[in-house]
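Structure first, commentary second.
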C-alpha cells in the first residue's frame, strides 16, 4: 500500500493506474503503518466488477472514483464529510460553492481566481470538510472530479 496524508489523515491505498498515481502525488507521505487512520483496500476483482457495472468509464477512472468513495466513506469516522462543491481560499478562509452539476460552481470559482488577488483553489469538486474543536475546515483531496484542481491544504471555512 502507498501512503498519503489527505485532510490531515494518514491514509493508505493501493495505486494501480496512472490517473490515481498522478492525482495522489502531492499527498504522498511516509509514516508507520501502525498509525494509519484510513486504509482503502480495494481488490482487483472488486474494481473489475465495478468497471463491468459502469462500462462507460475506464478502469483507471473506476479505480480513481472508488478509491475516493472509500476515503469519503471512512472520513465520517473523523468528524468529516464530503461536500459536492468548488472551494477556494481567500485571506486564510475557505469559501465553498455548492450546487448541482453544470450550474457554474467551477466557473464561479475561476472568476474568483481571475479577479481576486491571493486566491487559490482548495478543491474543484469534492473537498473534505472536517469539524475540529468546533471549527469546520475545508481540505483539498486528490479526489477532485474531472479536473485535477486541488491543493493539499486545510483552511477554516468562512462561508458555504
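Numbering (this note's numbering), first residue to last: 53 to 212.
Glycine is no exception: its CB is placed at the ideal position from the N, C-alpha and C atoms.
Because the structure is a prediction, the values reported are computed rather than measured.
**For residue 164 and residue 97, the rounded distance between their alpha carbons** = Here residue 97 refers to the residue found at position 45 of the chain shown. Here residue 164 refers to the residue found at position 112 of the chain shown. Distance between the alpha carbons of residue 97 and residue 164: 43 Å.
**Message:** At the level of alpha carbons, what is the spacing between residue 70 and residue 112?
**Reply:** Reading the chain shown from its first residue, position 18 is the one you call residue 70. Reading the chain shown from its first residue, position 60 is the one you call residue 112. Roughly 7 Å separates the two Cα atoms.
**Message:** Taking contact to mean 3 or more Cβ pairs, one atom from each stretch, closer than 8 Å, check whether the stretch 205-212 and the stretch 140-153 are in contact.
**Reply:** yes
**Prompt:** Which residues mark the beginning and the end of the alpha helix (DSSP H) in which residue 121 is found?
**Reply:** Indexing the chain shown from 1 puts residue 121 at position 69. Here the alpha helix (DSSP H) through residue 121 covers 111-127.
**Item:** Backbone secondary structure at residue 149 - three-state DSSP
**Value:** For the purposes of this step, residue 149 is taken as residue 97 along the chain shown, with counting starting at 1. In the structure shown, residue 149 sits in a strand (DSSP, three-state: E or B).
**Message:** Can you look up residue 98 in the DSSP assignment and give me helix, strand or coil?
**Reply:** Taking the chain shown and counting its residues from 1, one reaches residue 98 at position 46. Helix.
**Request:** Please name the residue or residues paired with residue 107 in a DSSP beta bridge.
**Result:** Mapped onto the chain shown, residue 107 falls at position 55. In DSSP, residue 107 forms no bridge with anything.
**Item:** the stretch 129-144 in contact with the stretch 167-178 per 3-pair CB rule at 8 Å
**Value:** yes
**Message:** Can you tell me which residues form a DSSP beta bridge with residue 138?
**Reply:** Within the chain shown, residue 138 is the residue found at index 86, counting from 1. Residue 138 pairs with 149.
**Message:** For the beta strand (DSSP E) containing residue 175, name the first residue and the last one.
**Reply:** Residue mapping note: residue 175 aligns to position 123 of the chain shown, counting from 1. Start and end: 171-175.
**Request:** Decide yes or no for the touch test of the stretch 83-93 against the stretch 148-164: beta carbon pairs closer than 8 Å, at least 3 of them.
**Result:** no
**Sheet register partners of residue 179 (DSSP bridge)** = For this step, residue 179 is matched to residue 127 along the chain shown. Bridge partners of residue 179: none, in fact.
**Message:** I need the DSSP call for residue 167, collapsed to helix, strand or coil.
**Reply:** Walking along the chain shown from the start, residue 167 turns up at place 115. DSSP places residue 167 in helix when its eight states are reduced to three.
**Request:** Look at residue 117 and residue 178 and say whether their C-beta atoms are less than 8 Å apart.
**Result:** Position 65 of the chain shown, counting from 1, holds the residue named residue 117. Position 126 of the chain shown, counting from 1, holds the residue named residue 178. The answer is no: Cβ separation not under 8 Å.
**Prompt:** In terms of DSSP beta bridges, what is residue 208 paired with?
**Reply:** Position 156 of the chain shown, counted from the first residue, corresponds to residue 208. DSSP, once it has assigned bridges, lists 189 as partnering residue 208.
**Request:** Go ahead and pull the three-state DSSP assignment for residue 203.
**Result:** The count along the chain shown starts at 1 and reaches residue 203 at position 151. The answer is coil: DSSP assigns residue 203 none of H, G, I, E or B.
**Item:** Residue range of the unbroken beta strand (DSSP E) whose run includes residue 91
**Value:** Stepping through the chain shown from its first residue, residue 91 is reached at position 39. Note, residue 91: beta strand (DSSP E), 90-92.
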